[in-house]
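Participant: Chains as they are written, first to last, in the numbering used here: chain A, 212 to 477; chain B, 3 to 308. Just so it is clear, CB atoms sit at the ideal spot from N, CA and C, and this is done for glycine as well. Keep in mind that this is a model prediction, so the values were computed, not measured.
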Amino acid sequence: MRQLLNRVHWPLWVVLILIGLALILPLVLPWTFDQIDWEAVRAPAFSGSHIFGTDEIGRDRLARLAAGTQVTLMVAIAAALVSLVVGIAWGATAGWIGGKVDEAMMRFVDALYALPFMFIVILLMVIFGRSILLVFIGIGLVEWLTMARVVRGQVMALKQRPFILAAEAAGTPPRTIILKHVLPNIAGVALAYLMLTVPQVVMVESFLSFLGLGVQEPLTSLGILVKEGADDMDMTPLGLLLPGGLLVIILVCLTIEGERLRDIFS
Amino acid sequence: MLALVARRLMTAIPTLLAIILASFFLMRLAPGGPFDGERPLPPETQAALQTAYGLDKPLWEQAWIYISRLAQGDFGPSLVYRDFTVSELVAQGLPISLTLGGLAIALALLIGVSAGLFAAVRAGKAADKTIMMLATVATALPTFVTGPALALLFGLWLGLLPVSGTGEGWSWLTMPVVALALPVSGAIAKLTRAGLATVLKQDHIRTARARGLPETKILFKHGLRPALVPVASYLGPAAAGLLTGAVVVETVFGLPGLGRYFVQGALNRDYPLVLGVVTLYAALIILFNLFADLIYGWLDPRMRDG
Numbered sequence: 212m213r214q215l216l217n218r219v220h221w222p223l224w225v226v227l228i229l230i231g232l233a234l235i236l237p238l239v240l241p242w243t244f245d246q247i248d249w250e251a252v253r254a255p256a257f258s259g260s261h262i263f264g265t266d267e268i269g270r271d272r273l274a275r276l277a278a279g280t281q282v283t284l285m286v287a288i289a290a291a292l293v294s295l296v297v298g299i300a301w302g303a304t305a306g307w308i309g310g311k312v313d314e315a316m317m318r319f320v321d322a323l324y325a326l327p328f329m330f331i332v333i334l335l336m337v338i339f340g341r342s343i344l345l346v347f348i349g350i351g352l353v354e355w356l357t358m359a360r361v362v363r364g365q366v367m368a369l370k371q372r373p374f375i376l377a378a379e380a381a382g383t384p385p386r387t388i389i390l391k392h393v394l395p396n397i398a399g400v401a402l403a404y405l406m407l408t409v410p411q412v413v414m415v416e417s418f419l420s421f422l423g424l425g426v427q428e429p430l431t432s433l434g435i436l437v438k439e440g441a442d443d444m445d446m447t448p449l450g451l452l453l454p455g456g457l458l459v460i461i462l463v464c465l466t467i468e469g470e471r472l473r474d475i476f477s
Numbered sequence: 003m004l005a006l007v008a009r010r011l012m013t014a015i016p017t018l019l020a021i022i023l024a025s026f027f028l029m030r031l032a033p034g035g036p037f038d039g040e041r042p043l044p045p046e047t048q049a050a051l052q053t054a055y056g057l058d059k060p061l062w063e064q065a066w067i068y069i070s071r072l073a074q075g076d077f078g079p080s081l082v083y084r085d086f087t088v089s090e091l092v093a094q095g096l097p098i099s100l101t102l103g104g105l106a107i108a109l110a111l112l113i114g115v116s117a118g119l120f121a122a123v124r125a126g127k128a129a130d131k132t133i134m135m136l137a138t139v140a141t142a143l144p145t146f147v148t149g150p151a152l153a154l155l156f157g158l159w160l161g162l163l164p165v166s167g168t169g170e171g172w173s174w175l176t177m178p179v180v181a182l183a184l185p186v187s188g189a190i191a192k193l194t195r196a197g198l199a200t201v202l203k204q205d206h207i208r209t210a211r212a213r214g215l216p217e218t219k220i221l222f223k224h225g226l227r228p229a230l231v232p233v234a235s236y237l238g239p240a241a242a243g244l245l246t247g248a249v250v251v252e253t254v255f256g257l258p259g260l261g262r263y264f265v266q267g268a269l270n271r272d273y274p275l276v277l278g279v280v281t282l283y284a285a286l287i288i289l290f291n292l293f294a295d296l297i298y299g300w301l302d303p304r305m306r307d308g
């Protein structure tokens, strides 16, 4: 446990503390994120029980920040897991089979890379209604490409290693080789890229929410809060600066941590 | 060179067709149509409008009609902005989006390459570490945060730049372009730094040093060119990112570019408008990837016949 803790770098601590706050604050604050305080509309910071004040219709900013962070990170983690599963399945298959199949599968990934995928996701959101489930399926489906490339490279390198060749020579069925010998060996790299996918996904989710296409009211997310803040910034700049700052801190910390892990594993 | 261009354009056509067809059928699966506004229209009017725009024909036939018209350069009428054709709307929006995107990529290259170069020269020193840290922060800056934040600081508080619209001169472009360029410049700085670090260790650089060439000449003439190969291969994805970012920036700063028409069109189910914008975006990205490949070949002759 101690060893594990020592490996955690400061940016990850920042994110973990923010997650902790986002989970605990709603339990202890006197206001919920969608509760309107009619006495205090656009209250400044540190007025009464509103630590960061209230927004343009009198909802507690801190409670909204906590709720928004929860939703944003939940969507991000779920979507990153979708991309992990799809990416590993695709990349491992291509890398393991090799040859023409590999070439065709990777050409497909290359082609998708070049597409304005964000626009297809926007179309999906408009068309199939704006459910939170669809948000992360849509995002997960966009973000698996890098994972597939990385995993494929790893699998191709692993395939030549003596212990895999030995397993094959011993007549181990491919299924067992992949599950027991290949996947455990790509776990580290996959974890690093998973860490790098999370900020990407946070960015996409907030982008969609900012355009009004992501998470819907009464639920809130950091993207929605940034949007609300931007619309009201001439009256209360805090409304933009708080969620914007929080979002940037989360994105920067996750990116630094992800890049560090990637450099360690590759 | 010509063979590469020809081959790429050959594969571009089926790709474009696939994108257009996919978007076409996706849009039509959507509940709701372009004519359900605030006031419901009488059913006869609805039916007449459907017939007038050919929306009552079978879907495959509509798709065929759309594509054959598109081949002649006709994007069809806009269903929501009824006095305009999609071509007219696009002709208004495209120059704005292209100016934004073009300036942003130029600025990102300028900042990114010089920062990466500077960091590589100071490899391992404090300046290197600071620049790389700033580059990481820059890559994590979403345009929908930097855009409004810049507008707040320079527009509302300092009153130096216009907050929205396309006023006179160039000042209205400053903030949108900076917001778009920041994340891309961070990524370019990192790629340049990493590329130079690898190149400067190679034999031809050692030979150049041994021959006593001035360090600046080594850096710019022999080091930078091969080091920019990874930057060139990043330009394709960067273009896609810029177009996405442009949607936000155009919304934030109230600029009538393609991105705004796309979002408005999607929300209003203006089928021809959305299809027109998606087609243009896809074509732009394909063209830009081809362009990036050509730069790639110019930077690294070994890649030319790849």
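On the criterion of 16 or more Cβ atoms from any shown chain inside 10 Å, does A:Gln281 qualify as buried, or is it exposed?
Facilitator: Counted from its first residue, the first sequence places residue 281 of chain A at position 70. It counts as buried.
Participant: At a Cβ threshold of 8 angstroms, is A:Val324 touching chain B?
Facilitator: Within the first sequence, residue 324 of chain A is the residue found at index 113, counting from 1. Just to set this straight, residue 324 of chain A is Tyr in the shown sequence, not Val. True, the Cβ-Cβ gap to chain B drops below 8 angstroms.
Participant: B:Ser99 bridges to which residues according to DSSP?
Facilitator: For the purposes of this step, residue 99 of chain B is identified with residue 97 of the second sequence, where counting begins at 1. Paired residues: none, contrary to the question.
Participant: Measuring only the C-alpha atoms, how far is B:Leu163 from B:Gly157?
Facilitator: Within the second sequence, numbered from 1, the residue matching residue 163 of chain B stands at position 161. Within the second sequence, numbered from 1, the residue matching residue 157 of chain B stands at position 155. Their Cα atoms are separated by approximately 5 angstroms.
Participant: Just the C-alpha distance for A:Ser432 and B:Ala210, rounded to the nearest angstrom, thanks.
Facilitator: As a working note, residue 432 of chain A is residue 221 in the first sequence. As a working note, residue 210 of chain B is residue 208 in the second sequence. If you take the alpha carbons of A:Ser432 and B:Ala210, they lie about 55 angstroms apart.
Participant: Figure out for me which residue from B:Leu292, B:Asp302, B:Arg304 and B:Leu301 has the closest Cα to the Cα of B:Leu4.
Facilitator: The residue you call residue 4 of chain B lines up with position 2 of the second sequence. With distances taken between Cα atoms, B:Leu4 lies closest to B:Leu292.
Participant: Closer than 9 angstroms by beta-carbon distance: list the chain A residues that pair up with B:Val25, in chain order.
Facilitator: In the second sequence, residue 25 of chain B corresponds to position 23, counting from 1. Note on identity: in this sequence residue 25 of chain B is Ser, with Val being the wrong assignment. Residues of chain A passing the Cβ test: Phe330, Ile331 and Leu334.
Participant: Using a Cβ-Cβ cutoff of 9 angstroms, what residues of the stretch 132 to 146 of chain B are near chain A? List them in chain order.
Facilitator: Met135, Thr138, Val139, Thr141, Ala142, Leu143, Pro144, Thr145 and Phe146
Participant: Taking only the alpha-carbon atoms, compute the straight-line gap between A:Gln365 and A:Val286 and give it to the nearest angstrom.
Facilitator: For this step, residue 365 of chain A is matched to residue 154 along the first sequence. For this step, residue 286 of chain A is matched to residue 75 along the first sequence. Across the structure, A:Gln365 and A:Val286 are spaced so that their CA atoms are roughly 28 angstroms apart.
Participant: List in chain order: all unbroken alpha helix (DSSP H) runs of 4+ residues lying wholly within the stretch 214 to 279 of chain B.
Facilitator: 226 to 229, 231 to 254 and 260 to 270
Participant: Out of B:Gly299, B:Leu286 and B:Leu277, which has the shortest C-alpha to C-alpha gap to B:Ala24?
Facilitator: Numbered from 1 along the second sequence, position 22 holds the residue referred to as residue 24 of chain B. Closest by alpha carbon: B:Leu277.
Participant: Buried or exposed: A:Glu428, going by 16 or more other Cβ atoms within 10 Å of its Cβ?
Facilitator: Here residue 428 of chain A is taken as the residue at index 217 of the first sequence, counted from 1. So A:Glu428 ends up on the exposed side.
Participant: Are the CB atoms of B:Tyr68 and B:Phe26 within a distance shorter than 8 angstroms?
Facilitator: The sequence position of residue 26 of chain B within the second sequence is 24, counting from 1. The sequence position of residue 68 of chain B within the second sequence is 66, counting from 1. It is a contact, given that the beta carbons lie within the stated cut-off.
Participant: For the putative contact between B:Gly267 and B:Leu257, defined by C-beta atoms under 8 angstroms, what is the C-beta separation to the nearest angstrom?
Facilitator: Within the second sequence, the letter at position 265 stands for residue 267 of chain B. Within the second sequence, the letter at position 255 stands for residue 257 of chain B. Not a contact, Cβ separation roughly 16 angstroms.
Participant: Counting only beta-carbon separations shorter than 8 angstroms, does B:Met177 have a partner in chain A?
Facilitator: Taking the second sequence and counting its residues from 1, one reaches residue 177 of chain B at position 175. Answer no: the Cβ-Cβ gap between B:Met177 and chain A never drops below 8 angstroms.
Participant: Got a sec, what are the start and stop residues for the alpha helix (DSSP H) A:Pro454 sits in?
Facilitator: The residue you call residue 454 of chain A lines up with position 243 of the first sequence. Run containing A:Pro454: Leu449 to Phe476, per the alpha helix (DSSP H) assignment.
Participant: Please name the residue in A:Ala277, A:Thr408 and A:Ala322 whose C-alpha comes closest to that of B:Ile15.
Facilitator: As a first step, residue 15 of chain B must be located in the second sequence, where it is residue number 13. Of the candidates A:Ala277, A:Thr408 and A:Ala322, the one whose C-alpha sits nearest the C-alpha of B:Ile15 is A:Ala322.
Participant: Under the DSSP definition of a beta bridge, which residues are partnered with A:Met258?
Facilitator: As a working note, residue 258 of chain A is residue 47 in the first sequence. Sequence inspection shows Ser at residue 258 of chain A; the Met mentioned does not correspond to that position. In DSSP, A:Ser258 forms a bridge with A:His261.
Participant: For A:Ile397, which residues from the same chain have a beta carbon less than 8 angstroms from its beta carbon, with the 5 sequence-adjacent residues on both sides left out?
Facilitator: Here residue 397 of chain A refers to the residue found at position 186 when the first sequence is read from its first residue. Result list for A:Ile397: Ile299, Ala303, Val362, Gln365, Val366 and Leu369, in chain order.
Participant: Opposite B:Thr176 in the DSSP bridges: which residues?
Facilitator: Residue mapping note: residue 176 of chain B aligns to position 174 of the second sequence, counting from 1. For B:Thr176, which the question treats as bridged, DSSP gives no partner whatsoever.
Participant: Return yes when the Cβ of A:Arg473 is within less than 8 angstroms of the Cβ of A:Tyr404, no when it is not.
Facilitator: The residue given as residue 404 of chain A occupies position 193 in the first sequence. The residue given as residue 473 of chain A occupies position 262 in the first sequence. Taking 8 angstroms as the Cβ cut-off, A:Tyr404 and A:Arg473 qualify as a contacting pair.
Participant: Looking at the secondary structure, which residues open and close the alpha helix (DSSP H) in which B:Pro44 lies?
Facilitator: Working through the second sequence from its first residue, we reach residue 44 of chain B at position 42. From DSSP, B:Pro44 is part of no alpha helix (DSSP H); its letter is neither H nor E.
Participant: A:Thr466 versus chain B: which residues are under 7 angstroms apart at the beta carbon?
Facilitator: For this step, residue 466 of chain A is matched to residue 255 along the first sequence. Those are Thr138, Thr141 and Ala142, listed as they occur along chain B.
Participant: What do you reckon, are the CB atoms on B:Phe290 and B:Gly238 nearer than 8 angstroms?
Facilitator: Taking the first residue of the second sequence as 1, we reach residue 290 of chain B at position 288. Taking the first residue of the second sequence as 1, we reach residue 238 of chain B at position 236. Yes, they are a contact pair.
Participant: Out of A:Glu354, A:Ile228, A:Val332 and A:Leu356, which has the shortest C-alpha to C-alpha gap to A:Leu345?
Facilitator: In the first sequence, residue 345 of chain A corresponds to position 134, counting from 1. Considering only alpha carbons, the answer is A:Val332.
Participant: Which residues in the same chain have their Cβ closer than 7 angstroms to the Cβ of A:Met414, if we skip the five residues on either side of it in sequence?
Facilitator: For this step, residue 414 of chain A is matched to residue 203 along the first sequence. Excluding sequence neighbours, A:Met414 sits near Leu462.
Participant: Would a C-beta distance cut-off of 8 angstroms place A:Met478 and A:Leu402 closer than the cut-off?
Facilitator: The requested residue 478 of chain A is not part of the displayed model; chain A covers only 212 to 477.
Participant: Please tell me whether A:Val426 has its Cβ less than 8 angstroms away from any Cβ of chain B.
Facilitator: To locate residue 426 of chain A, count along the first sequence from 1; it is residue 215. Judged by the 8 angstroms Cβ criterion, A:Val426 is not in contact with chain B.
Participant: For the alpha helix (DSSP H) that contains B:Thr168, what are its first and last residues?
Facilitator: Translated into the one-based positions of the second sequence, residue 168 of chain B becomes position 166. First-last for B:Thr168: undefined, no H or E at that position.
Participant: Less than 6 angstroms between C-beta atoms, sequence neighbours within five positions excluded: which residues of the same chain meet that for B:Phe264?
Facilitator: Within the second sequence, the letter at position 262 stands for residue 264 of chain B. Excluding its 5 nearest sequence neighbours in each direction, B:Phe264 has C-beta neighbours in its own chain below 6 angstroms: Val279, listed in chain order.
Participant: Using a C-beta cutoff of 8 angstroms, does A:Pro410 count as contacting chain B?
Facilitator: Your numbering for residue 410 of chain A matches position 199 in the first sequence. A:Pro410 counts as touching chain B.
Participant: Can you tell which of B:Val231, B:Leu301, B:Val233 and B:Tyr273 has the C-alpha that lies nearest to the C-alpha of B:Tyr83?
Facilitator: Numbered from its first residue, the second sequence carries residue 83 of chain B at position 81. Of B:Val231, B:Leu301, B:Val233 and B:Tyr273, the residue nearest in Cα terms is B:Tyr273.
Participant: Could you tell me how far apart the beta carbons of B:Phe146 and A:Ser417 are, in whole angstroms, since I believe they sit closer than 8 angstroms?
Facilitator: Taking the second sequence and counting its residues from 1, one reaches residue 146 of chain B at position 144. Taking the first sequence and counting its residues from 1, one reaches residue 417 of chain A at position 206. Contact flag correct, Cβ pair sits at about 7 angstroms.
Participant: Per DSSP, what kind of secondary structure is B:Gly308 in: helix, strand or coil?
Facilitator: Taking the first residue of the second sequence as 1, we reach residue 308 of chain B at position 306. Bear in mind that a pLDDT of 46 at B:Gly308, under 50, signals an unreliable position, so the number given afterwards is only what the model happens to contain. Of the three classes helix, strand and coil, the one that applies to B:Gly308 here is coil, per DSSP.
Participant: Could you give the uninterrupted runs of the alpha helix (DSSP H) lying entirely in the stretch 307 to 366 of chain A, keeping only those of 4 residues or more?
Facilitator: 310 to 324 and 328 to 338
Participant: Can you tell me where the alpha helix (DSSP H) holding B:Met12 begins and where it ends?
Facilitator: For the purposes of this step, residue 12 of chain B is taken as residue 10 along the second sequence, with counting starting at 1. Leu4 to Leu31 is the extent of the alpha helix (DSSP H) around B:Met12.
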